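Enquirer: Chains as they are written, first to last, in the numbering used here: chain A, 11 to 288; chain B, 5 to 539. For glycine and all other residues, C-beta sits at the position ideal for the given N, C-alpha and C. Every value quoted in this text rests on a predicted model; they were computed, and no experiment measured them. Mind having a look at this structure? Questions to follow.
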């Protein structure tokens with residue numbers, strides 16, 4: 011209750027949530043709204059938006075319905091965003107927790123390993139991974155997950171480092187709890203808030219990364235995605251602006267909404283920090 | 005009587021709506037004459053710091069003055085705007101805070117921080133400011149002031165930093181000095197020096213001092229007059245001798261009665277039995293890795309040996325950095341000792357491998373210092389207490405039933421079991437911490453400053469609880485503390501530690517009656533209010 015109230019006080023966060031819910035609703039309703047494949051040409055190419063009410067957002071270079079592409083693209087973008095963030099968390103959280111809790115040599119080794127990934131430009135690495143593994147849904151998710159876990163590991167490590175010396179963790183040692191148990195029941199639950207916040211922000215950057223890959227033609231060829239749509243329309247940007255504009259706007263709004271909501275989550279989960287803003 | 009330097013008239017500070025009471029302080033009226041020290045005493049949450057902050061104009065935004073006036077030399081400070089208050093702060097009111105570690109800017113040289121005070125008020129030219137800064141450092145009794153002026157805060161000890169803070173507070177010769185728990189974070193011997201310094205300076209400069217503290221011993225050392233606050237209400241005010249000697253209000257009497265006496269109570273000698281824990285030649289050295297040059301070594305524990313019988317309490321006493329906590333933690337192997345042998349009866353704890361150690365950990369348990377940090381905020385009390393037995397193979401259901409019994413044993417109701425730590429007060433949390441330690445039925449309990457973070461009245465209750473439990477269960481207790489009063493009350497024997505070594509040990513009565521080592525004598529002499537309470 012208290013948490014919801016604090017969250018609701020942040021107007022940006024509420025707007026973010028509303029946009030997100032709308033995108034999610036479109037994604038869920040996509041097969042009902044546009045049962046046909048979004049790849050199928052349905053009308054004359056280069057139909058301008060707001061002219062024909064059956065194709066409200068117009069059609070692209072091959073006469074495919076842009077609105078259908080957008081709604082089906084929402085499914086792809088959201089799914090890739092969420093799943094690849096989960097992949098990043100699954101790699102980053104245990105790694106950071108072990109590094110932070112064990113300390114010493116283990117910490118040094120794991121952190122150098124993390125830095126190794128951080129020193130490689132993440133987008134270049136993602137491109138290489140997708141190109142080697144063939145552009146498919148699974149490989150794209152994996153590539154995005156692999157390039158975005160290092161910040162998670164660093165965050166969790168820092169949190170665990172500071173929690174490890176807390177007296178209640180030491181108390182857990184003295185009562186004879188095993189180390190994995192201490193990490194899972196005493197330490198990690200207390201790092202949940204920053205992880206949730208970071209995760210919500212990471213979904214946004216994962217969507218951007220996927221869009222960039224699709225833009226370059228490295229998206230899954232069977233899936234309509236926003237990045238692909240922007241890329242497909244870019245050669246006709248001057249005479250058929252809408253082909254790239256609407257999917258671009260969709261990316262922009264979704265990522266913005268995720269950032270706003272993440273920011274709101276952060277304030278609501280850290281009431282002490284948020285109070286300073288009043 | 006001369007006009008008061010500061011008079012607070014009917015001050016009421018309103019708290020925000022969700023707080024546990026309507027007003028932080030209610031119609032408080034106080035006056036301080038020039039050159040006088042007024043101590044405002046109260047337990048945590050009494051609103052004593054709020055008064056100091058109201059005078060400084062530094063109240064938190066949520067707290068609003070709703071009635072009354074704060075007059076400094078006749079002028080109402082509550083009516084002033086921020087710019088006027090800025091001019092008054094420093095020039096007319098100086099302030100010393102509790103934490104000497106955090107109230108100095110770590111990246112500025114000492115002299116620059118003092119010079120800043122003059123700059124803020126546009127006083128003197130550059131050379132004169134520097135000269136004044138050195139004068140001030142000399143006056144507060146810092147060694148080699150001209151060299152210290154160029155130092156950074158981390159190069160100074162806690163006591164030295166607090167002296168610098170005092171120098172800054174007095175830089176512009178304010179009429180009023182506000183000291184908010186200025187010695188609480190310091191060791192007793194340092195505390196005694198700082199109290200003496202504040203007392204000397206106010207005599208020399210005729211500064212009025214508003215001294216906020218929870219420590220009755222400190223009050224007895226420094227106060228001319230005393231004001232006692234209970235939950236925001238001024239319950240008693242008067243001359244120091246009168247309030248301490250013949251307290252009129254029941255709350256004052258309770259506060260004074262709760263101050264542990266320095267005279268150890270009579271205790272019957274324990275029957276000689278085999279020791280339940282014996283420590284021999286324990287050593288722990290901390291090495292500071294440094295990038296250049298030689299690594300620095302600190303011997304936190306050096307050739308420490310002691311043993312404890314069933315039902316016996318040994319006090320490990322010393323100042324911060326003496327290694328007493330390290331020794332306490334080494335006994336549990338929370339910190340791995342470098343050398344030495346720790347035996348619990350026949351079991352040699354110091355030689356166990358980690359899996360076996362985990363199984364045997366239940367035989368020695370610990371009560372931690374900070375009741376707010378020692379309980380996991382995301383677990384219920386029942387979970388916290390039952391985790392130990394569960395880790396040793398008991399079913400959760402049985403362990404919870406046991407937790408209920410333990411909660412009753414430590415004086416909490418059994419239905420506290422489903423509540424979270426934040427719903428309890430500091431004293432109650434400490435009871436939960438004790439219940440957690442007892443859940444494993446240990447032979448030995450290590451109490452690391454277990455009552456230091458608590459108000460005196462709560463402290464007395466927890467000490468009584470520990471004693472009761474010891475008598476009922478026959479525990480051996482290693483009681484680590486910096487507070488000689490507490491040690492006098494609860495310990496059978498005391499070992500005094502200095503720089504990692506035990507310099508003196510013996511029965512409590514003998515040690516207090518006739519201390520042999522110079523350091524023990526120094527510690528005993530520094531206990532605040534020693535003359536009034538105890539001897």
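1) For residue 185 of chain A and chain B, any beta-carbon pair shorter than 9 angstroms?
2) Using Cβ-Cβ distances below 9 angstroms, what residues of the stretch 172-184 of chain A are close to chain B?
3) Drop a sphere of 10 angstroms on the beta-carbon of residue 391 of chain B, count the other beta-carbons inside from all chains shown, and report buried for 16 or more, exposed for fewer.
4) When you compare the stretch 275-286 of chain B with the stretch 246-259 of chain B, are there three or more beta-carbon pairs, one atom per stretch, that lie closer than 8 angstroms?
5) In the DSSP assignment, what are the bridge partners of residue 68 of chain B?
6) Between the alpha carbons of residue 142 of chain A and residue 61 of chain A, how many angstroms are there, rounded?
7) Measure the CB-CB distance between residue 369 of chain B and residue 442 of chain B and report whether it falls below 9 angstroms.
8) Helix or strand or just coil, what does DSSP make of residue 169 of chain B?
9) Between residue 122 of chain A and chain B, is there a C-beta pair that is closer than 9 angstroms?
10) In chain A, what lies closer than 7 angstroms to residue 378 of chain B by C-beta?
11) Can the beta-carbon of residue 20 of chain A be found less than 9 angstroms from the beta-carbon of residue 249 of chain A?
12) Please identify, using Cβ separations under 8 angstroms, the residues of the stretch 187-208 of chain A that lie next to chain B, in order along the chain.
13) Find the nearest neighbour of residue 25 of chain B within the set B/235, B/316, B/449, judged by alpha-carbon distance.
14) Taking residue 468 of chain B as part of the alpha helix (DSSP H), name the residues at either end of that continuous run.
15) Below 8 angstroms, can you find three or more Cβ-Cβ pairs linking the stretch 232-251 of chain B to the stretch 205-213 of chain B?
16) Using a Cβ cut-off of 8 angstroms, pull out every chain C residue sitting near residue 370 of chain B, in sequence order please.
17) For a test of the three-state rule: what should DSSP assign to residue 78 of chain B, helix, strand or coil?
18) I think residue 321 of chain B touches residue 305 of chain B, with their Cβ atoms under 8 angstroms apart; what is that distance to the nearest whole Å?
19) Can you check which of these residues, B/31, B/42, B/45, B/50, is closest to residue 69 of chain B by C-alpha distance?
20) To the nearest angstrom, report how far apart residue 256 of chain A and residue 65 of chain B are at their CA atoms.
21) Assign residue 234 of chain A to one of three DSSP states: helix, strand, or coil.
22) Take residue 290 of chain A and list the residues in its own chain whose beta-carbon comes closer than 6 angstroms to its own, dropping the five residues that flank it on each side.
23) DSSP beta-bridge partners for residue 502 of chain B?
24) Across which residues does DSSP place residue 511 of chain B in a beta bridge pair?
25) Mind checking the stretch 389-420 of chain B against chain A and listing, in chain order, the residues whose C-beta falls within less than 9 angstroms of any C-beta there?
26) What whole-angstrom Cβ distance do residue 30 of chain A and residue 267 of chain A have, given they're in contact under 8 angstroms?
27) Determine, using beta carbons only, whether residue 325 of chain B and residue 503 of chain B come nearer to each other than 9 angstroms.
28) Sorted by chain position, which residues of the same chain lie with C-beta nearer than 7 angstroms to residue 234 of chain A's C-beta, five sequence neighbours on each side aside?
29) Per DSSP, residue 99 of chain B is paired with what?
30) Give me the residue from B/165, B/150, B/355 with the minimum Cα distance to residue 106 of chain B.
31) Tell me whether the beta-carbon of residue 121 of chain B lies closer than 9 angstroms to the beta-carbon of residue 145 of chain B.
32) Name the two residues that bound the continuous beta strand (DSSP E) containing residue 310 of chain B.
33) For residue 437 of chain B, would you say it is in contact with chain A, using Cβ-to-Cβ distances shorter than 9 angstroms as the test?
34) Against chain A, which members of the stretch 437-462 of chain B pass a CB distance test of less than 7 angstroms?
35) Mind checking whether residue 449 of chain B and residue 371 of chain B have CB atoms under 9 angstroms apart?
36) Taking only the alpha-carbon atoms, compute the straight-line gap between residue 181 of chain B and residue 229 of chain B and give it to the nearest angstrom.
Expert: So, from the listed chains and residues:
1) yes
2) 176, 177, 178, 179, 180, 181, 182, 183, 184
3) buried
4) no
5) BP columns for residue 68 of chain B point to B/18.
6) 43 angstroms
7) yes
8) Correct three-state label for residue 169 of chain B: helix.
9) no
10) 177, 178, 181
11) no
12) Going along the stretch 187-208 of chain A in chain order, one finds 187, 188, 191, 195, 196, 199, 200 with a Cβ nearer than 8 angstroms to chain B.
13) B/235
14) Unbroken alpha helix (DSSP H) run through residue 468 of chain B: 460-477.
15) no
16) The structure shown contains no chain C; its protein chains are A and B.
17) coil
18) Their Cβ separation, rounded to whole angstroms, is 15 angstroms, which puts residue 321 of chain B and residue 305 of chain B out of contact at 8 angstroms.
19) B/31
20) 46 angstroms
21) coil
22) Absent from the structure is residue 290 of chain A, since the part of chain A shown begins at 11 and ends at 288.
23) B/505
24) B/497
25) Of all residues in the stretch 389-420 of chain B, only 391, 392, 393, 394, 395, 396 place a beta-carbon less than 9 angstroms from a beta-carbon of chain A.
26) 5 angstroms
27) yes
28) 48, 49, 79, 82, 83, 86
29) B/182
30) B/165
31) no
32) 300-312
33) The beta carbon of residue 437 of chain B sits closer than 9 angstroms to some beta carbon of chain A.
34) 440, 444
35) yes
36) Cα to Cα, residue 181 of chain B sits roughly 15 angstroms from residue 229 of chain B.
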